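Colleague: Let me begin by handing over the structure; questions about it come next.
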Amino acid sequence: MNYLRRLQIERPVLFWVILMVAFWLAFQLVLLVAELLLGPFGLPSWAPLVVVLGVLVIIARRQQGSR
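Note that our numbering has the sequence shown beginning at 2, numbered continuously upward.
If you want it as structure tokens, here you go:
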């Protein structure tokens, strides 16, 4: 964590690029897992995206409610 903090201070553009790439890769991985789990049900190709976004909304609402 200290490395990330130092990177954020010394090279903020590189830090944000790395952060955005990490979020994109994580989202792609979650989508892949959702596609593998929902694939045998014969759902449309957009269904895994809807499921992942729905789960993210539920998590965000629960975190808002716990405050």
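Don't be surprised by glycine CBs; every beta carbon is placed ideally from N, CA and C.
Here the structure is a predicted model, which is why all the values come from computation and not from measurement.
1) Applying the 10 Å Cβ sphere with the 16-neighbour rule, what's the burial state of residue 45?
2) Exposed or buried, which one is residue 41 when buried takes at least 16 other CB atoms within 10 Å?
3) Here's the rule I'm using: 16 or more other beta-carbon atoms within 10 Å means buried, otherwise exposed. How should residue 49 be labelled?
4) Kindly indicate which three-state DSSP category residue 40 falls into: helix, strand or coil?
5) What three-state label does DSSP hand residue 7 in the structure shown?
Modeller: By the coordinates alone:
1) Taking the first residue of the sequence shown as 1, we reach residue 45 at position 44. Answer is exposed; the Cβ neighbour count stays below 16.
2) On the sequence shown, position 40 is the one that residue 41 refers to. Answer is exposed; the Cβ neighbour count stays below 16.
3) By one-based count along the sequence shown, residue 49 stands at place 48. Buried: at least 16 other Cβ atoms inside 10 Å.
4) The sequence position of residue 40 within the sequence shown is 39, counting from 1. Helix, per DSSP.
5) As a first step, residue 7 must be located in the sequence shown, where it is residue number 6. If DSSP states are grouped into helix, strand and coil, residue 7 belongs with the helices.
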